[in-house]
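Going line by line, the protein sequences match chains A and B.
Residue numbers are given in my numbering: position 197 of the first sequence equals residue 201, and the series is strictly consecutive.
Residue numbers are given in my numbering: position 24 of the second sequence equals residue 28, and the series is strictly consecutive.
Report on the structure given below.
Protein chains: 2
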Amino acid sequence: MSANPTKIRRRGLMLVLSSPSGAGKTSIARKLLASDEQLVMSVSTTTRAPRPGEVPGRDYNFVDIESFQKMVEAGEMLEHAKVFDNFYGTPATPVREALAGGKDVLFDIDWQGTQQLRQAARSDLASIFILPPAVEELERRLKERAQDSDEVVKKRMAKAGDEMSHWPEYDYIVVNRNLDQSVAQVVAILTAERLRRERQTGLPDFVNGLRRQT
Amino acid sequence: MSANPTKIRRRGLMLVLSSPSGAGKTSIARKLLASDEQLVMSVSTTTRAPRPGEVPGRDYNFVDIESFQKMVEAGEMLEHAKVFDNFYGTPATPVREALAGGKDVLFDIDWQGTQQLRQAARSDLASIFILPPAVEELERRLKERAQDSDEVVKKRMAKAGDEMSHWPEYDYIVVNRNLDQSVAQVVAILTAERLRRERQTGLPDFVNGLRRQT
């Protein structure tokens with residue numbers, strides 16, 4: 005062995021949150037971001053129209069289909085997918101810049117995006133699936149969103165079932181029975197992932213001088 | 005896919021804490037055990053003499069060499085090693101009983117024991133290496149243990165360097181700068197490991213009826 009067996013450098017973490025819509029993922033993500041200065045959100049780009057209250061650049065980057073397709077063709081999307089009639093994607097540049105700046109990046113993407121991102125990120129990715137405590141609870145929350153029509157709610161419930169069928173592909177499962185408890189669980193996952201040997205940034209200098217004697 | 009793609013059952017976790025002596029591992033383990041009813045300690049068996057204050061059955065099971073060797077020959081040790089002139093080992097039966105009873109088990113063992121346990125436990129094992137913030141701090145703490153002779157302190161420092169050289173074999177690294185912070189970090193690791201998909205015990209029933217549609 006050499007005198008410097010394992011020099012540790014910062015490896016930024018890509019943390020994925022997926023869930024069916026209505027399971028509380030957005031609330032968990034907001035609380036998580038507010039509690040952690042080292043974590044930044046990856047803002048997705050979409051071709052769908054903004055909903056009331058959505059802020060461009062914060063909730064989504066809103067673009068037309070032509071611009072979206074140009075980004076895909078230029079290789080500027082880490083992942084992208086078509087959901088219903090709209091395109092969604094993750095621009096690569098802000099993610100690379102955040103990781104290079106020592107930040108960890110949070111992604112709010114679906115199972116298709118996660119599969120693509122997993123191939124790009126490998127061991128730098130940790131994925132969490134948020135499940136509702138019961139299907140009825142999910143339906144109730146989706147119906148409360150008055151801005152959606154009955155038909156959209158029905159499509160969303162079908163999509164929720166499809167999305168949830170992918171929970172076995174995720175590293176961690178959080179059942180969102182209580183918002184504060186779920187946030188605490190996601191914080192624990194983030195804390196633990198940062199303490200993983202290959203991501204530890206706070207190791208004392210002397211460890212680099214340790215000589216393996218086996 | 006079948007209608008029940010992934011039925012979840014409880015898989016107990018084996019959590020290993022290793023560190024050079026003097027790095028604070030025992031204090032961390034005690035606080036962790038006091039804060040978590042689902043976690044029980046694996047009590048090692050040793051042939052060394054009890055030190056003042058050590059309680060048989062709590063700190064160690066103290067046995068003679070003949071009894072120890074009989075346990076090894078009978079396959080009753082999950083791992084065992086000789087350190088200086090003494091034998092140390094982990095009896096398998098209490099660990100199996102605790103896991104079968106739905107508990108997680110905490111191990112305070114060295115790198116040799118961890119290597120052996122890793123082969124026996126596979127994915128049910130998560131390992132944490134506790135590092136001191138500086139080598140000088142470690143030496144100071146070892147010297148404070150007035151019960152040990154100078155020669156023993158010297159041997160322990162050499163052993164500490166050897167033990168620490170194995171930190172790259174562990175899943176997580178905790179640098180013990182502050183006891184409460186280190187305990188919080190180990191608690192976060194334990195929380196996260198329990199939320200891993202393959203260990204989750206709190207999933208709602210409906211997930212077993214989800215049909216994969218890909």
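All residues carry an ideal CB built from backbone N, CA and C; glycine is no exception.
From the DSSP output, in three-state form, read off R200 (chain A) for me.
-> Residue state, collapsed to three classes: strand.
Below 8 Å, can you find three or more Cβ-Cβ pairs linking the region 200-214 of chain A to the region 130-139 of chain B?
-> Enough Cβ pairs lie closer than 8 Å, so yes.
Any chance the region 29-37 of chain B sits against the region 113-124 of chain B, with 3 or more Cβ pairs inside 8 Å?
-> As far as the Cβ criterion goes, the region 29-37 of chain B does not touch the region 113-124 of chain B, which means the pair count is below three.
Note down, in chain order, all residues in the region 168-191 of chain A with a beta-carbon under 7 Å from any beta-carbon belonging to chain B.
-> M168, S169, W171, P172, Y174, D175, Y176, I177, V178, V179, Q189
CA-to-CA distance, T50 (chain B) to T218 (chain A), given in whole angstroms | Bear in mind that the predicted position of T218 (chain A) carries a pLDDT of just 45, short of 50, making it unreliable; the figure below should be weighed with that in mind. Using only the alpha carbons, I get a separation of about 24 Å.
Looking at C-alpha atoms only, which residue of B:V76, B:S153, B:L82, B:D89 is the closest neighbour of A53 (chain B)?
-> Distance from the Cα of A53 (chain B) is smallest, within the candidate group B:V76, B:S153, B:L82, B:D89, for B:D89.
Runs of beta strand (DSSP E) wholly within the region 36-65 of chain B (minimum 3 residues, chain order) = Taking only runs of at least 3 residues, the beta strand (DSSP E) segments lying wholly in the region 36-65 of chain B are 43-45.
Buried versus exposed, by CB contacts within 10 Å (16 or more), P60 (chain A) = exposed
Along chain A, which residues have their Cβ under 8 Å away from the Cβ of L135 (chain B)?
-> Neighbours of L135 (chain B) on chain A, chain order: L207, P208, V211.
Minimum length 3: unbroken beta strand (DSSP E) runs contained in the region 95-129 of chain B = 108-112
Beta-ladder partner(s) of Y176 (chain A), from DSSP = A:I132, B:R200
At a cut of 8 Å, does the region 188-204 of chain A reach the region 175-193 of chain B through at least three beta carbon pairs?
-> yes
Where V139 (chain A) meets chain B, residues with beta-carbon distance less than 7 Å | F210
Mapping DSSP to helix, strand and coil, what is V76 (chain A)?
-> helix
To the nearest angstrom, report how far apart R100 (chain B) and D112 (chain B) are at their CA atoms.
-> Distance from the CA of R100 (chain B) to the CA of D112 (chain B), rounded to the nearest whole angstrom, comes to 17 Å.
L142 (chain B) lies in the alpha helix (DSSP H); which residues open and close that run?
-> 139-148
Return no unless some Cβ of chain A is closer than 8 Å to the Cβ of L36 (chain B).
-> no
With 16 other CB atoms within 10 Å as the buried threshold, where does Q189 (chain B) fall?
-> buried
Do L37 (chain B) and L82 (chain B) have their C-beta atoms within less than 8 Å of each other?
-> no
Selection from B:R200, B:E202, B:V178 that minimises the alpha carbon distance to V20 (chain B) | B:V178
Close beta carbons around D175 (chain A), own chain, < 8 Å, minus the five adjacent residues each side = A130, S131, I132
Grab me the residues of M4 (chain A)'s own chain with a C-beta within less than 6 Å of its C-beta, minus the 5 sequence neighbours each way, in chain order.
-> Here chain A covers residues 5 to 218 and nothing more, so residue 4 (chain A) does not appear.
Anticipated Cβ contact below 8 Å, P24 (chain A) with E167 (chain A), distance rounded = 5 Å
Between the beta-carbon of S46 (chain B) and the beta-carbon of T94 (chain B), is there less than 8 Å?
-> yes
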